[in-house]
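Residue numbers (the numbering used here): 128 to 1219. In this text, a Cβ means the ideal position worked out from N, Cα and C, and glycines have one as well. Below: the structure, in structure tokens.
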Amino acid sequence: MAIRSSSSKAEQDEKKRKARRELRKQRGYEAKAHQQKDTQRTRGRASPKTKKRYAGKVRRYEEFLQEEKDMPEDHKVGDGHPAPTLEELKEFIRWHVESTNGRLAPNGRPTKDTTLIWAQEFVPGFYFLTGNEISPHNRAALYSWIEHDLVQEGFLSVIKRPKHTFKLSSFERAMTAFWTTDDPFFMHGRYRVQFHFITLQFLCTGARVSSFTPASAERVGRGLRYKNIELVLFRTDNAPWRVGWRLDQQFVKNNKDPENTIFGTAIWDCNEPIYSGALHLLALALADNALFGFSRPEEIFEQRIPEGEDELVLRWNDEAKDRCIVRRVTAEKVSEEPLTKERYQEGLRKILVNAGYFVTATVHAMRRELGKAVQDKYSSALVAQILTQRSKAVYGNDYLANCSGVDVFNALRGRAADHTHIDYFQGYDRFHENGLPRRLPTEEEEKIHEDPCLVAKAAEIQQAQSDDDIRRAKREYSVLKRRISSNRLQKYQSQWVQSRRDWKILTRGRERPDHIEQSAEKRVLCKLMPELGRLAAVMSSNEPLSFDEKASVVKDLFTQCLRDFDAVYRPGEEPFEKRCPVVSCRKLLEPMEKPLWSTHIHSCIQRESARNLNIPLQQIKYCWECYTFHDGKSAEFEEHCAGHLPSMTSQHYEVMVYRHTTIRAGYCIECMWDDRLPAACRMRAFDRSTELREHLEEHVDRKSWPSECADPSCNHIATEEQDYRRHLRDVHHYHKTICVRAKKACKKRLSSMQDEESNSDRDHCMQRKRPRKQRKKPSVPLSTTTKELKITFWEPPAMRLKTITSVPAQEKDKGQESLKGMAWQAVNNCQSLDLPAVSQNSQNARSATFDTPDLTDSLSGYSSPSTTGPTFGAVPINPRILETPSALLRQPVEETEQPYSCSSRVHVESNYATEKIEGNTTLQQPFADLALGRYDSQGVAVPETDNIIIEHAPLSLTSLNAKPAPSLTYHESKPIEKADCTTQSSSDMPVIEGRIKEAVGLTGPMTRAKAKEQAAKACQRSTDFQTSGQKARPYSQEEDKLLKTLMRKLATFEAVTLAFQKRFPGRSAISLRKRWSVIRPPSRRSTRLKPL
128 MAIRSSSSKA
138 EQDEKKRKAR
148 RELRKQRGYE
158 AKAHQQKDTQ
168 RTRGRASPKT
178 KKRYAGKVRR
188 YEEFLQEEKD
198 MPEDHKVGDG
208 HPAPTLEELK
218 EFIRWHVEST
228 NGRLAPNGRP
238 TKDTTLIWAQ
248 EFVPGFYFLT
258 GNEISPHNRA
268 ALYSWIEHDL
278 VQEGFLSVIK
288 RPKHTFKLSS
298 FERAMTAFWT
308 TDDPFFMHGR
318 YRVQFHFITL
328 QFLCTGARVS
338 SFTPASAERV
348 GRGLRYKNIE
358 LVLFRTDNAP
368 WRVGWRLDQQ
378 FVKNNKDPEN
388 TIFGTAIWDC
398 NEPIYSGALH
408 LLALALADNA
418 LFGFSRPEEI
428 FEQRIPEGED
438 ELVLRWNDEA
448 KDRCIVRRVT
458 AEKVSEEPLT
468 KERYQEGLRK
478 ILVNAGYFVT
488 ATVHAMRREL
498 GKAVQDKYSS
508 ALVAQILTQR
518 SKAVYGNDYL
528 ANCSGVDVFN
538 ALRGRAADHT
548 HIDYFQGYDR
558 FHENGLPRRL
568 PTEEEEKIHE
578 DPCLVAKAAE
588 IQQAQSDDDI
598 RRAKREYSVL
608 KRRISSNRLQ
618 KYQSQWVQSR
628 RDWKILTRGR
638 ERPDHIEQSA
648 EKRVLCKLMP
658 ELGRLAAVMS
668 SNEPLSFDEK
678 ASVVKDLFTQ
688 CLRDFDAVYR
698 PGEEPFEKRC
708 PVVSCRKLLE
718 PMEKPLWSTH
728 IHSCIQRESA
738 RNLNIPLQQI
748 KYCWECYTFH
758 DGKSAEFEEH
768 CAGHLPSMTS
778 QHYEVMVYRH
788 TTIRAGYCIE
798 CMWDDRLPAA
808 CRMRAFDRST
818 ELREHLEEHV
828 DRKSWPSECA
838 DPSCNHIATE
848 EQDYRRHLRD
858 VHHYHKTICV
868 RAKKACKKRL
878 SSMQDEESNS
888 DRDHCMQRKR
898 PRKQRKKPSV
908 PLSTTTKELK
918 ITFWEPPAMR
928 LKTITSVPAQ
938 EKDKGQESLK
948 GMAWQAVNNC
958 QSLDLPAVSQ
968 NSQNARSATF
978 DTPDLTDSLS
988 GYSSPSTTGP
998 TFGAVPINPR
1008 ILETPSALLR
1018 QPVEETEQPY
1028 SCSSRVHVES
1038 NYATEKIEGN
1048 TTLQQPFADL
1058 ALGRYDSQGV
1068 AVPETDNIII
1078 EHAPLSLTSL
1088 NAKPAPSLTY
1098 HESKPIEKAD
1108 CTTQSSSDMP
1118 VIEGRIKEAV
1128 GLTGPMTRAK
1138 AKEQAAKACQ
1148 RSTDFQTSGQ
1158 KARPYSQEED
1168 KLLKTLMRKL
1178 ATFEAVTLAF
1188 QKRFPGRSAI
1198 SLRKRWSVIR
1208 PPSRRSTRLK
1218 PL
């Protein structure tokens, strides 16, 4: 080896010095930049976060000096502040304890451990801020005083939070409920997969919660990422390969250099699906396109390990290495931010409550269970390593459960150890109870608003002046209400568990307790998302999976991760390329609002199904159990509904809406279990909660108390109405509005009436401002547009009433027919009117149409008749009788292309007068009776025709005096064969015609509201004559007794009518129906008439 000369060495040293000088210059080094900072002595090794927490303790000492030592308000504890003496420290600690609320101690003070830790943070914090250190002698005396003296004098307590371990049985129960029961909050498909995966990693690695799910304040750059996992395929005997991976914890406690210092844990895959984290990891990686060389689940399971090798190393795509695996997810998108610790802990708490645990487990309990499992097989050094602790004594001091893990009885007797009872007392199974309520009962919820704190906060909201103060007070009110509700729920759950366990003892365990169903929504979601149903079945069974079954599970997990939850569609209604799937529509959905997407598709498919079945749109029905359309009037549909009844075991009867889509209709609990009704009536579906509630209110009003719940699987007996309403809410999941008795709501008025009132109010104000001479408005030209309307009336079933009036009476009623023509001229000008029928109790007007209820009420404005309902037919009449005057035809009726709107044939039901005419005036009943057409012998309005086809045409004034056909009487309805028959007008007709002409001339074009009002006024003038001689004769006791007897003995109402009329010939069939509805005995489940 050649020896270098001294000159050569000097030259090399000079080159190195020059290189170092250039490197310093390149890095921007300045010699005196940190001179002042470096002259200061360091005050500890605490991190900036820890120093900030210490400073908060010193700020409390400032408050103590200001309040107890008469220091000024601006006094600050800063650099150079003298250290307090031991006497001052003790006084300060007592002041702090009395100023703090504790969570565990019964006296409300903090515990000994909490106070001691607080003092141990105050002492170094005082040194950090002031530079003056409290003497070691005073520190030791202060800590000893807190630990012994304050406890002995009872000022502090030594109570501790019990330590439990999260057993595998608890994990399995929680994950099974996670997949099979109703979600406690909205869960995206990816959230479901990644929550299972990350919880399993906490259980297997013993990581702290912040290692994989960072706190919100520290989430930037943190979280579990793909670069922290190394994935390898290993050869195995019974399968092509087995997955093993290494997971590195980068952000562990006290890690000063997380980029270079990591701690890894090796994990095997498992055949049981609940413990198979590799399947979840593969599905997440494929959804993120993170795995190199693979894009679909099928490709992974086609991979094989080359011959002669025992493993195959997989790698991540370069652009995916820094992506988080467990991310924040919303319904609209998957964020790139990691799932935070706060959100994960909140979700874990709700999921455990969902599984029946009234005490929530923590991630630290999973660390305790892992440490216990490892210590039996490995050394204490490896236990400390797996728990990322430096000291070997940490596990023994801080991780042991409160209950000993030694089976002392079998140890004494020399038998094999049995840890069943130890696992129960150490774990969370002791805090589990099946059927644990998830929310407060309705009665308890109503009491929350009476809380004094909420009442005071509500008063503060009322007294707030500015908008900012109001918003702040409302926000505080909401937070306070949630906290109070949570505390009351925990208290109620503890009381419920105690009472349930007492009940088991009192019944000697021989009775099975009733549980509120919590899986109805999940079963419906499994129909909408088939992969979710398959995953729920696999996870709940937890049977070992074969290699091919694992491929199917990964495929379902992958589908669940990529499913779009922005809008959910029913089966067979998924859009095609973001357009309506119906070929005749193909409308783009994005311009619409999201709640209208599924509604639009459903309406288009409904119309398409009606065309394919060649039936009217109103006749098509939708089955919400199998998501298919049917002919509502066919016998096949009745059989279809009857086939669903045995499988209707769910106790959930409310409408289900999921992501803007109604996924299941609501059902009436009373009708569902009334076996006297046809299957289609029992399966009547409501897709709106308001309609379901209105229907259910009728049943509640007719029930007598006490009353048993109609559901055969429910044993509840309601003592009074409010108890029954709360039962419907708490057990059968009806909307909370069912708990409040519905008031008679004001019916919505026609827009023309509102426009008329607003215009009249404006005109009245103008008249008060400046009186002006009224000018006669020009008349509106006659409308030449024709429009065909279809008016449907109710007709009594099975028979037509015969004429009982004499010929002179018929001649006397001819004038009334002309008055009815005048009324119809006003009524027909409206697009859709509902005409009244007299109610059964003579107080409320109800619809006189006994129709089979629609499976979806809102799908159509029509109702299909049942076997007991009336028959409908088209009766041609002279269109000139109902010609509309020019003043009433202000503008032609326009058709609208809406899915639920009627066509040019307008359906008119018989409930108009009581719903549209406001007030309880004497105009209502005469006008309604005229509109309906006739009276029976008891003064009951009877419709004259079935279906009237009306064609709008210009009106001639002579048509108002036209006679109806002589064969049309008040008690007989026959088809009109001749349309040109005329009769003489009544003596009152000239006066009525003149007044109508005068009103039209003065007011100009009339709205629908004006036309209806003037027609009612015209009919009012002959009301006394019409009703004076037709007042119903009251029923006697003998008649009531006979009617009850006949209704019990005879099978049909027609037979009852014939038998009754033999004894009392003056009673009509309609009158008998009305009387029977009043005197019939109450029924427990339904008050409807028997099917005839």
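8 Å contact criterion, which L256 and A210 should meet: CB distance rounded: Between L256 and A210, the beta carbon gap of about 11 Å keeps them out of contact (Cβ cut-off 8 Å).
Candidates A482, G205, A458, E438: closest to F298 by CA position: A482
Extent of the continuous alpha helix (DSSP H) run through T467: That residue, T467, is in no alpha helix (DSSP H); it is neither H nor E in DSSP.
Delimiting residues of the beta strand (DSSP E) encompassing T783: At residue 783 the sequence reads Met, which differs from the Thr that was named. It spans 783-785 - the beta strand (DSSP E) in which M783 sits, taken as one unbroken run.
Candidates R566, E825, E752, Q502, of which the one nearest I643 by Cα: With distances taken between Cα atoms, I643 lies closest to R566.
Supposed close pair E847, V827 - CB separation, criterion 8 Å: Incorrect: roughly 11 Å between the Cβ atoms, too far for contact.
Contact set for N537: own chain, Cβ-Cβ below 7 Å, skip 5 residues either direction: A543, A544, D545
R706 (DSSP reduced to helix, strand or coil): In the structure shown, R706 adopts extended strand secondary structure according to DSSP, grouped into three states.
When R868, M799, P839 are compared against R852, the one with the closest alpha-carbon: R868
Three-pair Cβ contact test at 8 Å for the stretch 773-789 versus the stretch 717-736: Using a C-beta cut-off of 8 Å, the stretch 773-789 makes contact with the stretch 717-736, since at least three inter-stretch Cβ pairs fall below that distance.
Cβ shell of Q472 (< 6 Å), same chain only, five flanking positions each side left out: If we look at Q472 and ignore the five residues flanking it on each side, it has no Cβ neighbours.
Limits of the beta strand (DSSP E) - the one that Q376 falls within: Its beta strand (DSSP E) spans residues 369-376.
Q645 beta carbon less than 7 Å from that of D437: no
One or two residues paired with C750 in a DSSP bridge: T755
Closest Cα partner of C866 within the set K1171, F305, E572, E763: E572
L283 burial status per 10 Å Cβ neighbour count (16 or more: buried): buried
Length of the line joining the Cα atoms of F421 and Q321: If you take the alpha carbons of F421 and Q321, they lie about 20 Å apart.
C-alpha gap between I597 and N444, whole angstroms: Looking at the two C-alpha atoms, the distance is approximately 52 Å.
Contacts around P385, its chain only, beta-carbon distance under 6 Å, and the 5 residues preceding and following it disregarded: Q377, F378
Sequence-distant residues of the same chain with beta carbon closer than 7 Å to R1190, five excluded per side: L1169
Same chain only: Cβ atoms within 7 Å of E200, ignoring 5 sequence neighbours per side: Q193
Length of the line joining the Cα atoms of T487 and L672: Approximately 31 Å, taken between the alpha carbons.
Inter-residue Cα distance where the pair is E781 and F685: Approximately 32 Å, taken between the alpha carbons.
Beta carbon of F339 nearer than 7 Å to that of I325: yes
Of the listed residues C580, K649, C808, K468, nearest to L607 (C-alpha basis): C580
Buried versus exposed, by CB contacts within 10 Å (16 or more), C753: Answer is exposed; the Cβ neighbour count stays below 16.
Local conformation of I790 per DSSP, three classes: Of the three classes helix, strand and coil, the one that applies to I790 here is strand, per DSSP.
Of the listed residues T864, W832, P805, nearest to E824 (C-alpha basis): T864
DSSP beta-bridge partners of A769: Answer is none; A769 lacks a bridge partner.
7 Å Cβ cutoff met for A447 and A414: no
Residue of A694, Q1188, R1160 minimising C-alpha distance to L1173: With distances taken between CA atoms, L1173 lies nearest to Q1188 out of A694, Q1188, R1160.
contact_flag[the stretch 727-735, the stretch 757-768] where n(CB pairs < 8 Å) is 3 or more: No contact exists between the stretch 727-735 and the stretch 757-768.
Three-way DSSP call (helix, strand, coil) for C712 in this model: coil
Range of the contiguous beta strand (DSSP E) that encloses R495: Where R495 is concerned, there is no enclosing beta strand (DSSP E), although the alpha helix (DSSP H) it sits in stretches over 490-502.
Simplified DSSP assignment, three categories, for T569: Annotated three-state conformation of T569 is helix, per DSSP.
Burial state of I1206 (16 or more Cβ within 10 Å): Answer is exposed; the Cβ neighbour count stays below 16.
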